[in-house]
Amino acid sequence: MELKEVWMIDYARTAFSRSRGKQPERDVFGEIRGDELLARLLIKFFDE
């Protein structure tokens with residue numbers, strides 16, 4: 009069996025918030041690591 013090249017194309021991004029060192033309660037993603045945001049994005053990508 010010959011393997012064929014597969015391309016999966018989609019576009020998505022995570023929201024972002026401004027880093028606020030003196031007001032961490034206003035930093036929406038201050039508690040979430042970047043790799044966790046990416047993992048959530050990839051899960052959503054493959055669910056669609």
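Every number in the working numbering is 8 more than the matching position in the sequence shown, counting from 1. Cβ coordinates follow ideal geometry from the N, Cα and C atoms, glycine included.
* Closest by C-alpha distance to arginine 34, when choosing among Met9, Asp18, Phe24 -> As a first step, residue 34 must be located in the sequence shown, where it is residue number 26. For arginine 34, the nearest C-alpha among the options comes from Phe24.
* **9 Å Cβ cutoff met for serine 27 and glycine 42** => The residue labelled residue 27 in the question sits at position 19 within the sequence shown. The residue labelled residue 42 in the question sits at position 34 within the sequence shown. Cβ distance not < 9 Å, so serine 27 and glycine 42 don't count as in contact.
* To do: Could you spell out the range, first to last residue, of the alpha helix (DSSP H) harbouring lysine 52?
  => On the sequence shown, residue 52 is found 44 positions in, with the first residue counted as 1. 42–55 is the extent of the alpha helix (DSSP H) around lysine 52.
* Reducing DSSP to helix, strand and coil, say where glutamate 39 ends up. => Here the question's residue 39 lines up with position 31 in the sequence shown. DSSP places glutamate 39 in coil when its eight states are reduced to three.
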